[in-house]
Amino acid sequence: MKNYIIRCFAAFCFMHFMPSLAQEPKRPNIILIITDDQGYGDLGITGNPHVQTPVIDKLAKESIRFTNFYVSPVCAPTRSSLMTGRYSLRTGIRDTYNGGATMASNEVTIAEMLKQANYTTGIFGKWHLGDNYPSRPSDQGFDESVIH
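Here the sequence shown is numbered in the working numbering, starting from 3 and rising by one per residue.
Next comes the structure, spelled out in structure tokens:
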């Protein structure tokens, strides 16, 4: 009887504590919001007294914000820099027309880095870094994409 009680207690402990040992540590969700044609001071969080952006302001207060940055005068080079962490000309992006907005296929994007860390990645909205293989979002590490 004593062995039976010990076995039951051991089984209970195993079943009770094993799930907590198997759980991965909680990783943060990452949401990167990129907008076009928006100045730094165009949001309430950055001091605009005329435009009310309460939801974005709340999200920004609970998040990491980029406050020091470099941008290109056109959108695609800036986007390629943000996706890769590299200067835009090194990514193959120089403008937004005549093939100048096709990112080199060997560039490692933030999506590819996040996939290596077992994140699921998606991009929704504007891509403009290449519409054909091997420069589509699915070729650059994104699991899901709804782009224009």
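Even glycine gets a Cβ: it sits at the ideal position worked out from N, Cα and C.
Keep in mind the model is a prediction, meaning the values are calculated, not measured.
Taking the CB atoms as reference points, tell me whether residue i and residue j lie closer together than 7 Å.
i     : j      : result
Thr98 : Ser82  : no
Ala62 : His130 : no
Gly46 : Thr55  : yes
Under 8 Å Cβ to Cβ from residue i, same chain only, skipping five residues before and after it: list those, please.
i     : result
Ile32 : Leu116, Tyr121
Val76 : Asp97, Thr98
May I have the straight-line CA-CA distance separating residue i from residue j, to the nearest angstrom?
i      : j      : result
Asn50  : Gly87  : 28 Å
Glu146 : Glu109 : 19 Å
His150 : Arg138 : 11 Å
Pro30  : Gln118 : 15 Å
Glu64  : Val57  : 11 Å
Thr37  : Pro27  : 32 Å
Ser140 : Ile95  : 18 Å
Asn134 : Phe71  : 29 Å
Would you grab the beta carbon distance between residue i and residue j for me? Rounded to a whole angstrom, and I think it's under 8 Å.
i      : j      : result
Gly143 : Ala106 : 14 Å between Cβ atoms; not a contact.
Val53  : Asp44  : 6 Å
Drop a sphere of 10 angstroms on the beta-carbon of residue i, count the other beta-carbons inside from all chains shown, and report buried for 16 or more, exposed for fewer.
i      : result
Gly132 : buried
Ser90  : buried
Ile35  : exposed
Ile66  : exposed
Ala123 : Here residue 123 turns out to be Thr, not Ala, going by the sequence shown. Counting Cβ neighbours within 10 Å, Thr123 comes out buried, since at least 16 surround it.
Who are the Cβ neighbours of residue i in its own chain at under 6 Å, not counting the five residues just before and after it?
i      : result
Val73  : Thr80
Asp59  : Gly46, Ile47
Thr104 : Gly132, Ser137
Val148 : Phe126
Lys151 : Limits of the chain in this structure are 3 at one end and 150 at the other, which puts residue 151 out of reach.
Looking only at its chain, what residues have a beta carbon closer than 7 Å to the beta carbon of residue i, apart from the 5 residues adjacent to it on each side?
i      : result
Thr111 : Met85, Thr86, Gln142, Gly143
Thr69  : none
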